[in-house]
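Step one of this worksheet: look at the structure below.
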Amino acid sequence: MTRASHRGADLSTRRRFLLGAAATGLGLAPGAAFAQNALEDILRAPSRGNWDDQFDTRGSNVRQVASNTPIFSQYTQLATQSAIGAYQGIVQSGGWPMVPQEHVLKLGVQTPAVSVLRRRLAIAGDLATNASASPAFDTYVEAAVKRFQARHGLPADGVVSTHTFKALNVPAHLRLNQLVTNAQRLDEMVGQDLGQRFVMVNIPAAAIEAVENGQVVQRHTAIVGKVDRQTPILSSRITNLNLNPYWHAPASIVRKDIIPLMQKDPTYLQRNDIHIFDGNGDEIPPQAIDWNTDEAVKYLFRQEPGKNNAMASVKINFPNPHAVYMHDTPQQGLFSELMRFESSGCVRVQNVRDLIVWLARDEMGWDRQAIERIIAARQRQDIDLTNPVPVYFTYVTAWATDPTVVQFRDDIYHRDGAEQLAMSELTTTAYAGNQQNPYVQGDDFYQ
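First residue of the sequence shown? That's 16 in this note's numbering, and the numbers climb one at a time after it.
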């Protein structure tokens with residue numbers, strides 16, 4: 016059989032499996048027999064890859080998790096229903112075991128907890144069902160752990176420690192409920208005309224997809240709002256790009272951040288190139304303001320373009336009632352953090368210049384070279400988009416772009432109905448004291 020024939024047969028088999036599992040997800044075959052069949056189907060699906068002696072334990076598992084299928088797509092909608100059917104089977108079969116957390120588990124470790132880990136990974140489809148029950152943490156277990164970590168938005172280092180233990184030990188019935196909740200969110204969006212090109216910000220994943228013709232053409236790591244300054248759910252259209260923008264501090268940030276900082280360090284505004292203006296456009300010296308009161312809130316605070324600017328080189332604008340936007344940041348190190356919930360409501364974008372080149376590609380004279388030249392010169396410049404690009408801020412913590420690759424993320428804003436789904440201790444602590452007014456009106460901020 017030719018390679019093309021093999022590929023066609025694989026696609027046909029995968030399509031039949033997907034459609035069958037989707038029907039299962041709609042509850043068409045309940046009972047114990049279904050539970051076992053659903054579990055076996057998802058563990059034996061051809062799209063999982065080959066789990067034989069030739070299996071590459073060096074990372075192919077992680078590559079299998081990656082996909083160019085958008086979260087907002089009919090395929091993801093169908094695959095998520097497929098995953099619901101499989102997880103119904105897992106739950107009806109008794110779920111999965113809790114992995115003991117006495118020790119960090121990694122390559123070379125030998126302990127009975129590894130045998131439990133093997134079973135846990137096999138039930139979820141990350142390890143071959145015919146893998147041994149050995150207590151040794153070998154390269155096969157390491158590869159399966161990496162696959163599990165990639166599916167849960169964790170660093171795929173193959174080491175089972177705090178965050179991986181927490182993700183492993185979320186009960187199967189909670190994961191099933193999480194899938195059902197998020198399938199409803201997908202249903203609400205996928206039925207709409209989202210546009211041939213659009214940008215999607217998935218808040219709990221702290222990630223961005225630029226989508227064109229049904230495929231993800233760019234992915235960007237993001238930093239989104241803190242629990243007490245949440246990034247809102249919204250739909251809008253990107254209309255305008257600012258190169259080397261000013262940053263204007265809203266009253267909320269002046270009150271919550273700038274006034275306390277000035278009380279501690281009267282040179283803060285000067286060091287960060289922030290100027291104060293009254294309603295007539297006249298500049299007000301910081302020394303003229305009583306920083307022990309809220310007097311400063313009535314003035315305009317503007318940060319000049321440059322290396323200290325909170326938005327760095329780019330601001331992406333779209334009309335919305337929350338006054339939020341997307342932008343660059345001088346704090347690039349935050350993109351490597353696991354918990355990227357650090358903003359005041361706006362969305363910081365890693366490699367943002369790639370995104371704005373894609374957004375502005377239809378504008379005459381605004382190719383990559385022109386944009387980079389303006390940014391390097393630190394000149395203020397606006398680019399109005401002739402064809403505004405739809406943008407969607409969403410909240411999806413569970414989905415599947417393949418029925419055998421089910422993705423889960425931390426329920427950072429506690430919207431999925433179970434405390435254990437918000438796995439970060441920082442998240443839980445912050446949430447407990449900040450439920451009254453979670454949205455911030457205004458711009459991003461950093462210290």
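Here a beta-carbon is modelled for each residue, glycine too, at the ideal position from N, C-alpha and C.
{"Check": "Quick one: what does DSSP say residue 67 is sitting in, helix, strand or coil?", "Outcome": "Note on residue 67: pLDDT 34, under 50, position unreliable in the model; no value is reported."}
{"Check": "Assign residue 40 to one of two classes, buried (16 or more other C-beta atoms within 10 Å of its C-beta) or exposed (fewer than that).", "Outcome": "No answer about residue 40 holds up, because its pLDDT of 41 lies below 50 and its placement is not dependable."}
{"Check": "Indicate whether residue 416 and residue 82 have their beta-carbon atoms separated by less than 8 Å.", "Outcome": "yes"}
{"Check": "Find the nearest neighbour of residue 89 within the set 130, 199 and 113, judged by alpha-carbon distance.", "Outcome": "199"}
{"Check": "Using only the alpha-carbon positions, how far apart do residue 337 and residue 265 sit?", "Outcome": "11 Å"}
{"Check": "To the nearest angstrom, report how far apart residue 360 and residue 180 are at their CA atoms.", "Outcome": "30 Å"}
{"Check": "How close, in whole Å, do the beta carbons of residue 252 and residue 403 come, if the pair is a contact with beta carbons under 8 Å?", "Outcome": "4 Å"}
{"Check": "Does the Cβ of residue 84 have 16 or more other Cβ atoms within 10 Å, making it buried, or fewer, making it exposed?", "Outcome": "buried"}
{"Check": "Just checking my contact of residue 148 with residue 370 at CB under 8 Å: how many whole Å lie between their CB atoms?", "Outcome": "47 Å between Cβ atoms; not a contact."}
{"Check": "Report, in whole angstroms, the separation of the C-beta atoms of residue 293 and residue 318, which I expect to be a contact under 8 Å.", "Outcome": "With 8 Å as the limit, residue 293 and residue 318 do not qualify as a contact, their Cβ atoms being about 17 Å apart."}
{"Check": "For the alpha helix (DSSP H) holding residue 277, just list the boundary residues, first then last.", "Outcome": "274 to 279"}
{"Check": "Would you kindly work out how many angstroms separate the C-alpha atoms of residue 315 and residue 187, rounded to a whole number?", "Outcome": "52 Å"}
{"Check": "Is the beta carbon of residue 87 closer than 8 Å to that of residue 247?", "Outcome": "no"}
{"Check": "Output yes or no for whether 8 Å exceeds the beta carbon distance between residue 259 and residue 393.", "Outcome": "yes"}
{"Check": "With a threshold of 6 Å on Cβ separation, who are the neighbours of residue 182 within its own chain once the five nearest residues in sequence on each side are excluded?", "Outcome": "167"}
{"Check": "Measuring straight from C-alpha to C-alpha, what distance separates residue 332 and residue 296?", "Outcome": "24 Å"}
{"Check": "List the whole-angstrom C-beta distance separating residue 132 from residue 175, where the pair is believed to meet the contact cut-off of C-beta under 8 Å.", "Outcome": "7 Å"}
{"Check": "Could you check how far apart the C-beta atoms of residue 11 and residue 362 are, in whole angstroms? I think they sit under 8 Å.", "Outcome": "The requested residue 11 is not part of the displayed model; the chain covers only 16 to 462."}
{"Check": "If you run the structure through DSSP and keep just helix, strand and coil, what is residue 108?", "Outcome": "coil"}
{"Check": "To the nearest angstrom, how far is the alpha carbon of residue 152 from that of residue 249?", "Outcome": "45 Å"}
{"Check": "Residue range of the alpha helix (DSSP H) that residue 161 falls in?", "Outcome": "154 to 166"}
{"Check": "Alpha carbon to alpha carbon, how far is residue 171 from residue 419?", "Outcome": "18 Å"}
{"Check": "Work out the CA separation of residue 395 and residue 205 for me, nearest whole Å.", "Outcome": "38 Å"}
{"Check": "Less than 6 Å between C-beta atoms, sequence neighbours within five positions excluded: which residues of the same chain meet that for residue 213?", "Outcome": "226 and 405"}
{"Check": "Using the Cα positions of residue 310 and residue 304, report the straight-line distance between them to the nearest angstrom.", "Outcome": "7 Å"}
{"Check": "Starting from residue 249, trace the beta strand (DSSP E) in both directions and tell me its first and last residue.", "Outcome": "249 to 258"}
{"Check": "Output needed for residue 91: all residues of its chain with C-beta closer than 8 Å, excluding positions within five of it in sequence on either side, in chain order.", "Outcome": "84, 85, 201, 205, 414, 415 and 416"}
{"Check": "Name the one or two DSSP bridge partners that residue 125 has.", "Outcome": "151"}
{"Check": "How many Å lie between residue 233 and residue 117 at the Cα?", "Outcome": "40 Å"}
{"Check": "Tell whether a beta-carbon distance below 8 Å holds between residue 342 and residue 372.", "Outcome": "no"}
{"Check": "Of all Cβ atoms in chain C, is any one closer than 8 Å to the Cβ of residue 368?", "Outcome": "Chain labels in this structure do not include chain C; a single protein chain is all it has."}
{"Check": "Looking at the unbroken beta strand (DSSP E) that takes in residue 204, where does it start and where does it end?", "Outcome": "Per DSSP, residue 204 belongs to no beta strand (DSSP E); it is in the alpha helix (DSSP H), 187 to 205."}
{"Check": "Do residue 257 and residue 399 count as a contact pair if the criterion is CB distance below 8 Å?", "Outcome": "no"}
{"Check": "Residues in its own chain within less than 7 Å of residue 138 by CB, not counting five upstream and five downstream?", "Outcome": "105 and 111"}
{"Check": "Answer with buried or exposed for residue 73, where buried requires no fewer than 16 other C-beta atoms within 10 angstroms of its C-beta.", "Outcome": "At residue 73 the pLDDT is 42, less than 50, meaning the model places this residue with poor confidence; the figure from the coordinates comes in the next sentence. Residue 73 is exposed by the Cβ-count criterion."}
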